[in-house]
Every structure is written in C-alpha cells, then in structure tokens.
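Remarks on the structure that follows.
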Amino acid sequence: MFTDLITLRETEPEDIRLLLDTAQSFKEILDRSVKKVPTLRGRQVVTLFYEASTRTRVSFENAAKIMSADTTSVAAATSSVQKGESLLDTVRNLRAMRIDCLVMRHPQSGSAHLVAQALDIPVVNAGDGMHEHPTQALLDMLTIRQHKGKLEALTVAIVGDIMHSRVARSNLWGLTKMGAKVRFVGPATLLPRDVQRLPVEVYTDLRRGLEGADVVMALRLQQERMERGLLPSLREYSQRWGINARALEVTKPDCIVMHPGPMNRGVEIADDVADGGRSVILEQVTNGVAVRMAVLYHLLGGEAAA
Amino acid sequence: MRTIFRRAHVCDPSQGVDKVADVVVDEGKVLAIVEDSTPYDVGGCEVIDCSGLVLTPGLIDLHVHLREPGYEYKEDVQSGTEAAVVGGFSAVCCMPNTDPPLDEPAVIRGLLKRAEAVGLARVYPIAAITKGLQPEGLAEMAALKEAGAVAVTDDAYPLQLAEVLRRGMEYAAQLGLTVMTHCEDKSLTRDACMNEGLTATIMGLRGMPPVAEEIQVARNCLMSLYTGCRLHILHVSTAGAVRIIRWAKEMGAPVTAETCPHYFALTDEACLGYNTNAKMNPPLRTQADCDAIIQGLLDGTIDAIATDHAPHASHEKAQEFALAPFGIVGLETAFALSYTELVSTGRMSLSQLVDKMSCQPAKVLALPGGTLAPGSPADIALFDLRRKWTVRASEFRSKSRNTPFEGWELQGKPVLTMVGGRVLYREGM
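Chains as they are written, first to last, in my numbering: chain A, 692 to 997; chain B, 674 to 1102.
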C-alpha cells in the first residue's frame, strides 16, 4: 500500500482500483443532507498551494472536512516563501507543527517528490509543474468508469497542449495501467520529445486522433504558449484542434467529452460541446471530492479511525 | 631531495613507456627512468617501493571550478587543490566564472598568489574571453596572459553572437591563446534543466535538445577554421558533436575537445527521481551518446578527459530540480570512473587513458607536465589499480558533496601524488 500519492506512474494498478472503488462508495456521502462522517476526526491536513487554484484546493479541503479532518490552507503568496524561504524549510516547519498530511500544488516538476522524501507524513501531489496531477487522473478515471462501466479496452483521446500538461501525463499512466488505450492529439509544437516512445498513440491530425474514440478529453490551452512561438494563433488552433460538434462526428456515438478546467470556451472546446449532452465536465468536479476523500482516507489510516 | 620510485609499472604514453622500471626524481625534476636505480641511490634519498603500482605523469585537468574568489562556501583554492591531489591531479585549469570573474589581471595574480601559498596542485587560470563574462566586449587578453592566464573561455556564458566569437578568436590567435568554448545555443535551452528526450518527457521537465550543443560546436569549429585560432571544445556530450568535431579535424581546423567521465558513465536516466546530483550542463544524454563519446575518445576525435569539477553547497542542490544549480564534483572520482568504465571493461588501454588524462591535456594548452621525460617537472601520480573502493561523498576533500556516483564501487585508486618533486598526497602505502 502506498504511503504518499505523488505519481500514478509509480502507483500499482491494484491501488488505483482500490482508490476508485473507495471513491465510488464515498460518493453517496456527498448526496446526504448532512455531509459529515467522523472518519478522520482530529487529523490535521494542510493544503500548501504555490499556484493559484480554486477547484483543486476547495475540493481537497471539502474532502477533508466531510471526513471531519481539520484543514489549514497556506497560499505561497502570503507565506514565508515571499521572504526567500526554501520549499524544504517551509514544509519542515509545517511538519514541526505536528500536521498529519500535506497536500501540495507547486509550479516545479518533482517538488512533491522532493517534499515526500523529506517528510515522514503522507504527501499528496495536487499538481507539480508539467509532471503529474494524480487525483485529477483518478477523478477522470472514476467519471469514465461511471459512464462506460469499465476502463479496459476503451480509447481515450487527450487533445491539446500535451507538452505542458500534468493531467495528460497522469492520465496516460493511470488509464494504461487499467487497460485503456490512450491517444495524444495536438500540434507538433505542443507534443514533447520522444512522446511516441511512451505507451501511447500520437496524432497531429485531430480527425484521425478522434476516430472511434470512447472518450475525448480536451486540455486547457495556455495563452502564454503563443508568446513563446509555439502556436501561430488561437484562431488556427481552435480551427484545427478545437473540440466542436463536427470534430466529434468521427468518435463513437456514445463518446463522452471531458475537460479538467478551467476552460477557454471557444478555443479548445466549443460552447455547445462544453454544455452539451456528451459533456461530463461538472460530474468530474463532483467526483473530484469523492476521489480526494478516498485518497485522504487511505493515506491517513482511515480504516483504523473509522 | 632525491626520490626513487622502485619497481613501478611506469606508464608514460608521451615516450611510449609501458614497463616495470625505477623512476628517479631529483631537485623537482625527473632524472631518469631506469631498469636498476642502484647507482642513483645516494645516501639520504627516499626510496618508495612501488611493486604492483602504476606510475604515470600527474593527471592534468583542463576544466575545474575552484570557486575562489567569491564562492568560497562551495570550494576554495585550498579545498579544490586538495581534492585534485587526492584524485591524482598535479595540475588544474580553473574557470573564470568567479565573483569577481577572472577578467582582470589583478584577479588572476591574486588567484596565483593564493595557489602558491597553498602549495598543492598547480593552478592554471583560464581568463574570461569577454569583460565581466558579458555577451559583448572583449577582455584585456594580452594583459591577462601576461598576468598568467593560459587560455580564454566563455564557460557557463556561451557567446551567442558569432561576431563576438569571431573578434575574440582573432584577438586571442595573435596572442597565441587558445579559446575554450561551452557550446550551447541559448535560444534552444531557455528554462531547460536536463536532456530533451523520453526521460524529460516523463518527468515533465524542459529539456535541452542535443542540437543546441551541436549548432554551436559546428559554428565554433567553422570559426576556428576561418580565423585560424586554436579552439578547445569543452565537455562534449552528444554523438552529433563528436561527428562534427571529427569532420572539423579532417578539414584541418585547429580544434581539440574534451569530455568528462559522466558523459560516458551515465545517461539522463540518472535524473529520475529528480536527482539534482545528476543535473549538469551540458546535460547527461542517452546511451547512444555515451557510446559515441567513447568512440570519439578511442579514435582521437576527443583529445582529453576533464572533470568540469563544479562544487555546489548541499542546500543549493536540495531544491526543486529546475531551480537547483548545474554541476557535479569530479576531481576525486575521475580517474577511478574512467578506469572502471573504459579500461577494466577492455574498451581502452591504460596507456590510452593516461594519454587522455595527462599527456593530451598538457599538449592542448602547452602546459608543463604530461610526461616523465628526463628534465621535465617531477609531477607524478601513483595508482593502485587492483584496489576497489566505494564512493563516499562524506569523505571528499572538496567542500561540496554533489556527486551522482555516491555508493558506486570503483576500481583504481590514486595512492600518491607528487608535484614538482614534493609528495603532496599519500594514502595507504
């Protein structure tokens, strides 16, 4: 059993299955009028966010609170980081306050790994640079499984800025471990070097990439990519790689559409698709809370406390 | 005082010597290599029994960061040259990216004075090619040479403008100074922190493409051909760079090149787990690059093995991978790594290795040493090649511990280093 959740690349398939099953069973709690169980009473969870985030931070905090853990939220913008304190010194100080679990988001790849090596408490990676975002992939997988009844043998096309996407990387490892086929689709300038050597099919042509897909996952296009000369214009991007009703014609008829958010409507995803019948985007958000409850539950020894 | 090294396996590629013999040293110079040193054994001379040991000209490192002045918390002349003699090096060439940089005659003189006072390995300063290591504006190379600089370089601050390189090479050539270059097109390596490829893609890190190095290797070789200036390519890391240097040499360009042990002993997979002790620039590449580097060493395309000894304090490396500084220490592991990877695997002869680590470096910058010819300085290293040892950074003489080789078992250990007839390091004998 895992002691931190840093990367799905290094998480065993049986642990992924356990987390998904647990999340599925916890989801029912979210529909109660009183959303509170005593499972993690007395435990202290700190969310340390070096990047702005609404949904991930609130999702983790709600997950902890539903299970009666106490939460503290630290935003790097208002912390000692501004005085030049190193990441390791910051987290060692938090640990010295006897916290039980650290959830962290950081702009540098590998930061969660660094912290997990230094601390003797569970560390959850809530997104590290371009590396991984394991709970996002877990909630994506839970959502897919709810709609398709399985993950095995499904074709999942992940479209957009693959190079900079931690969501794409975590989904790649998680989905392939559970037997799904993954495709990366995007312009050549947004595909990382040697990506074809990963267990993935790679397409620069959207139509070919979406052909027969069971799931289409659009990624957020970051506008600053254009400044670095990676794309000629948003217009050309949305015409060639934007997910709209026409692009979805080549997918399976029951194909679902996902997006990790926040969305640039009209760029990577058309309005009518984002709000349409195939969209499961808001379900992803709900499932996020259940998945994070499951992660905290297993990392904080919820079984003993329950 | 006279010293006799008795019954050593003497390996001196500069003279084609590779046999058991006695080496006699007197008044700081090599007096003779003889079968029987009895006639030389005057009263009071020190006799060192070298049975089973290999004796070579002292190793010469073309590429070392002593960090003094300015960064003495990482390393200084004392600790750096101590690490050198422990590694079998009798001389080191130190790079100019200090604070202040080695771009003023007074700084060069100050450094040499420090090295003399410390009195360990010989220190040869390499001066900055541009004033303040800035992108433009040549340093006063004539004055720097007069002060003791043996070459000029842009190390760590690769010249991006071909025109500055051209003028620098033209100016250096008239003074007989070699220009050493770190080859990196910075427009291709912005924010990058390791090799571009599968490993960086998995780790979500920005990679430096091999072509960023190769573009500048090609450009700099062409400029050497055009200006006639001697060019030394620092720390070659890619297969493509080896091919380009081979071609440049065939074209008659006055080009030499070095690599470092880590470029044939490690691939970029050493960075997995965000191991900042494997973060360096140029970055660790792929197995195909390692193989090409070894081939380049064997066929003479790469002239020398240097260390690029780059000490950093522990707290600097204990950071997020992209934020940690580039570089590893190398003086105390270079010989054993090279011996273990190249000679004990049968890929290279001992004589070839000594040539790459002593004779050729001396030739590249026309430095004293690199030979045991009678009359040459008594700069000598003695190795126990049977000795297996485990790398323990905590035991380094260097002030810094940033090595990716912690825990590696290596073969071949320097047991004695002599500089100018003085034994400055001796261990276990």
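Every residue gets a Cβ at the ideal spot worked out from N, C-alpha and C, and that includes glycine.
Bear in mind the structure is a predicted one, so any value in this text is a computation, not a measurement.
For residue 1095 of chain B, the closest C-alpha among the options B:697, B:734 and B:859 is that of B:697. Rounded to whole angstroms, residue 1063 of chain B and residue 1086 of chain B show a C-alpha spacing of 10 Å. Boundaries of the alpha helix (DSSP H) harbouring residue 711 of chain A: 704-721, taken from the DSSP string.
Looking at the backbone, the Cα of residue 764 of chain B and that of residue 880 of chain B are separated by about 34 Å.
The three-state secondary structure of residue 894 of chain B, taken from DSSP, is helix. 876, 877, 878, 879, 880 and 882: these are the residues of the stretch 876-887 of chain B whose beta carbon lies less than 9 Å from some beta carbon of chain A, given in chain order.
A straight line joining the alpha-carbon of residue 975 of chain B with that of residue 846 of chain B spans about 22 Å. Residue 966 of chain A and residue 934 of chain A have their C-alpha atoms roughly 12 Å apart.
Using a Cβ-Cβ cut-off of 8 Å, residue 810 of chain B does not count as an interface residue toward chain A, since no Cβ of chain A sits closer than that to its own. A distance below 6 Å between beta-carbons, with the five flanking residues on each side excluded, links residue 910 of chain A to the following residues of its chain, in chain order: 851, 852 and 856. Residue state for residue 964 of chain B is assigned as helix, using DSSP reduced to three classes. Linking residue 829 of chain A to residue 939 of chain B through their CA atoms gives a straight-line distance of about 35 Å.
Residue 819 of chain A carries a strand assignment under DSSP once its states are collapsed to helix, strand and coil.
Counted as a single uninterrupted DSSP element, the beta strand (DSSP E) harbouring residue 705 of chain B occupies residues 702-707. Against chain A, the beta carbon of residue 871 of chain B has neighbours under 7 Å at 885 and 888, listed in chain order. Partner residues in the beta bridge of residue 1062 of chain B, as assigned by DSSP, are B:1083.
Chain A has no Cβ within less than 8 Å of the Cβ of residue 689 of chain B. Residue 992 of chain B has a beta carbon lying within less than 8 Å of a beta carbon in chain A.
Closest by C-alpha distance to residue 1029 of chain B, out of B:860, B:934 and B:961, is B:934. In this structure, residue 730 of chain B lies near residue 685 of chain B, with their beta-carbon atoms less than 8 Å apart. Here residue 1090 of chain B carries a strand assignment [DSSP, helix/strand/coil]. Judged by their CB atoms, residue 774 of chain B and residue 805 of chain B are nearer to each other than the 8 Å cut-off.
By the CB criterion at 8 Å, residue 713 of chain B and residue 726 of chain B fall outside the cutoff. Using a Cβ-Cβ cut-off of 8 Å, residue 820 of chain A counts as an interface residue toward chain B, since at least one Cβ of chain B sits closer than that to its own. For the stretch 895-911 of chain B, the beta-carbon criterion of a distance under 7 Å to any beta-carbon of chain A is satisfied by none of its residues.
By the C-beta criterion, the stretch 976-985 of chain B is judged to be in contact with the stretch 1068-1082 of chain B, since at least 3 inter-stretch pairs fall below 8 Å. Restricting attention to B:1007, B:1021 and B:1055, the CA atom closest to the CA of residue 1081 of chain B is found in B:1007. Note that the stretch 780-796 of chain B does not touch the stretch 825-843 of chain B; fewer than 3 beta-carbon pairs, one per stretch, sit closer than 8 Å. According to the DSSP assignment, residue 807 of chain A belongs to the alpha helix (DSSP H) that extends over 802-809. If one requires a minimum length of 4 residues, the alpha helix (DSSP H) runs lying completely within the stretch 868-935 of chain B are 871-876, 883-900 and 912-923, in chain order. Taking C-alpha positions only, residue 852 of chain B is separated from residue 926 of chain B by approximately 13 Å. Counted as a single uninterrupted DSSP element, the alpha helix (DSSP H) harbouring residue 842 of chain B occupies residues 835-847. Under the DSSP assignment, residue 764 of chain B falls outside any alpha helix (DSSP H), being part of the beta strand (DSSP E) whose first and last residues are 762-767. In terms of CA proximity to residue 876 of chain B, A:801 leads the group A:720, A:753, A:801 and A:889. Pairing residue 836 of chain A with residue 711 of chain A gives a Cβ-Cβ distance under 8 Å. Approximately 7 Å separates the beta-carbon atoms of residue 825 of chain B and residue 812 of chain B; this is inside 8 Å, confirming the contact.
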